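Trainee: I'd like to ask you about the structure that follows.
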Amino acid sequence: MNKNMFLKIINDNGKITEYEILLSFFWLKTNRNYIIYTDNSKDSNGNLNIYCSNI
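Final position of the sequence shown in the numbering used here is 176; the numbers increase by one with none missing.
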């Protein structure tokens, strides 16, 4: 069973945006953890917007 995980981010104005976590991983080269996530929105070409952050 695959359960989707979500992340909620509150901006400076107090607006809450929910993101679906696609992948998280540790990269030995940088010695950091990363998370790849999306808000399931699309750009003007119909491509899914995906974001990456180190945590």
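Quick reminder that beta carbons are idealized off the backbone N, C-alpha and C, glycines included. Nothing here was measured: the structure is a model prediction, and the numbers come from that model.
Closest to Thr-138 by CA distance: which of Tyr-155, Asn-154, Asp-160 is it?
Mentor: Here the closest residue by C-alpha is Asp-160.
Trainee: Kindly give me the distance between the Cβ atoms of Tyr-178 and Tyr-158, rounded to whole angstroms, as I take these residues to be in contact under 8 angstroms.
Mentor: What is shown of the chain runs 122 to 176, which leaves residue 178 out entirely.
Trainee: Tell me the rounded alpha-carbon separation between Ile-142 and Lys-129.
Mentor: Taking the straight line from one Cα to the other gives about 10 angstroms.
Trainee: For a test of the three-state rule: what should DSSP assign to Thr-151, helix, strand or coil?
Mentor: Thr-151: coil per DSSP, three-state reduction.
Trainee: Looking only at DSSP bridge pairs, what is Leu-169 linked to?
Mentor: Bridge partners of Leu-169: Lys-163.
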